[in-house]
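Student: Residue numbering for the sequence shown follows our numbering, beginning at 352 and increasing consecutively. Yeah, the Cβ is synthetic: ideal placement off N, Cα and C, and Gly gets one too. Source: prediction; values computed, not measured. Have a look at the structure that comes next, please.
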Amino acid sequence: MSYPAATADAYDAVAVRYADLVKDGLAHLPLDRSFVTAFADLVRAAGLVRTGGPAPVADLGCGPGYLTAALHEAGLDAFGLDLSPALVGIARRSYPRLRFEVGSMAALAAGDGTLGGVVSWYSLIHTPPEQLPGYLAEFRRVLAPGGYALLGFFESGGGPVTVFDHKVAPAYRWPLETLAALAGEAGLAETARMLREPGEGERFRRGHLLLRAA
Numbered sequence: 352m353s354y355p356a357a358t359a360d361a362y363d364a365v366a367v368r369y370a371d372l373v374k375d376g377l378a379h380l381p382l383d384r385s386f387v388t389a390f391a392d393l394v395r396a397a398g399l400v401r402t403g404g405p406a407p408v409a410d411l412g413c414g415p416g417y418l419t420a421a422l423h424e425a426g427l428d429a430f431g432l433d434l435s436p437a438l439v440g441i442a443r444r445s446y447p448r449l450r451f452e453v454g455s456m457a458a459l460a461a462g463d464g465t466l467g468g469v470v471s472w473y474s475l476i477h478t479p480p481e482q483l484p485g486y487l488a489e490f491r492r493v494l495a496p497g498g499y500a501l502l503g504f505f506e507s508g509g510g511p512v513t514v515f516d517h518k519v520a521p522a523y524r525w526p527l528e529t530l531a532a533l534a535g536e537a538g539l540a541e542t543a544r545m546l547r548e549p550g551e552g553e554r555f556r557r558g559h560l561l562l563r564a565a
């Protein structure tokens, strides 16, 4: 079984519990929330349009949809995409006015240069390292020039890429510098970064990268 299918099955099996676990979203994570806010502000300021309206923003690996909803509340035309049909179903019930689709980050339905922003908030973590450059290239493909990408991930503590025992599916911790370099090779220039230490109940450092399509 491919890793996307295995990951989707794993999240389907725990969808209700997972949605309950993350239901508070960013409420208790002020530093993380600040990066999401900055991303939304920058996308709005870029003023990218498509067919007369704001270029949409894709929340890739949206899970139960709380971040998609936060982006919408921040004034973005946001929609969510996830591998897990069960999580997409929860997102649709929780936020019926927003659009959620089942799909893969590796092959997005959006046309070239049609999105104003993409977010991968702790969703690229399940991607095998050798496949990650292709995902970043896909993000760049769908972004309009001047559009923004926001990545959230578990940082490797200064060591190499490291697999760890994620509670749902195998996942990887990344050195911030390595991920930033790969993004640059894909045509996503770094705008800002943040590295924070684990909070209460967290195991690993958290990395955040704000990138702009060249």
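1) Check whether the Cβ atoms of Leu494 and Ala564 lie closer than 8 angstroms to each other.
2) For Ser573, which three-state DSSP category applies?
3) Per DSSP, what are the beta-bridge partners of Phe451 in this structure?
4) Taking 8 angstroms as the threshold (C-beta atoms), are Thr358 and Leu434 in contact?
5) Specify, as a first and last residue, the run of the alpha helix (DSSP H) that Glu536 falls within.
6) Are Ala570 and His559 closer than 8 angstroms when you measure CB to CB?
7) So if DSSP puts Leu494 in a beta bridge, which residue, or which two residues, is it bridged to?
8) In chain order, what residues of the same chain have a beta carbon less than 6 angstroms from the beta carbon of Gly464, not counting five sequence neighbours either side?
9) Which partner residues does Pro405 have in the DSSP bridge list?
10) Decide if Leu501 is buried, meaning its Cβ has at least 16 other Cβ atoms within 10 Å, or exposed.
11) Inspect the beta-carbon positions of Leu466 and Val408 and report whether they are closer than 8 angstroms.
12) Looking at the secondary structure, which residues open and close the alpha helix (DSSP H) in which Arg444 lies?
13) Considering Cα atoms alone, identify which of Gly550, Pro405 and Ala420 is closest to Val394.
14) Tell me which same chain residues have a C-beta within less than 6 angstroms of the C-beta of Glu452, skipping the five on either side of it?
15) Would Asp363 and Pro436 be called neighbours here (beta carbons separated by less than 8 angstroms)?
16) Let me make sure I understand the geometry here. Which of Arg450, Gln482 and Glu489 has the alpha-carbon closest to that of Val469?
17) Restricting to Cα atoms, I'd like to know which of Arg492, Arg443 and Phe504 is closest to Leu561.
18) With DSSP as the reference, identify every bridge partner of Phe515, one or two as the case may be.
19) Anyone know if the C-beta pair for Ser474 and Leu527 falls short of 8 angstroms?
20) Checking 8 angstroms against the spacing of the C-beta atoms, do Leu546 and Arg554 come in under that value?
Tutor: With the given structure in hand:
1) It is a contact, given that the beta carbons lie within the stated cut-off.
2) The structure shown has nothing for residue 573, since the chain only spans 352 to 565.
3) Phe451 is bridged to Gly431.
4) Yes.
5) Note, Glu536: alpha helix (DSSP H), Leu527 to Glu536.
6) Since the first and last residues shown for the chain are 352 and 565, residue 570 lies out of range.
7) Note: Leu494 sits in a beta bridge opposite Leu466.
8) These residues qualify, in order along the chain: Ala495.
9) Paired residues: Val400.
10) By the neighbour-count criterion, in which 16 or more other beta carbons inside 10 Å mark a residue as buried, Leu501 falls on the buried side.
11) In contact: Leu466 and Val408 (Cβ atoms closer than 8 angstroms).
12) Run containing Arg444: Pro436 to Ser445, per the alpha helix (DSSP H) assignment.
13) Taking only the C-alpha atoms, the option nearest Val394 is Pro405.
14) Here the set comprises Leu432.
15) Closer than 8 angstroms, so yes.
16) Ranking Arg450, Gln482 and Glu489 by Cα distance to Val469 puts Glu489 first.
17) The shortest C-alpha separation from Leu561 is found at Phe504.
18) For Phe515, which the question treats as bridged, DSSP gives the partners Ala522.
19) For the pair Ser474 and Leu527, the CB atoms are not nearer than the 8 angstroms cut-off.
20) Not a contact, by the Cβ cut-off of 8 angstroms.
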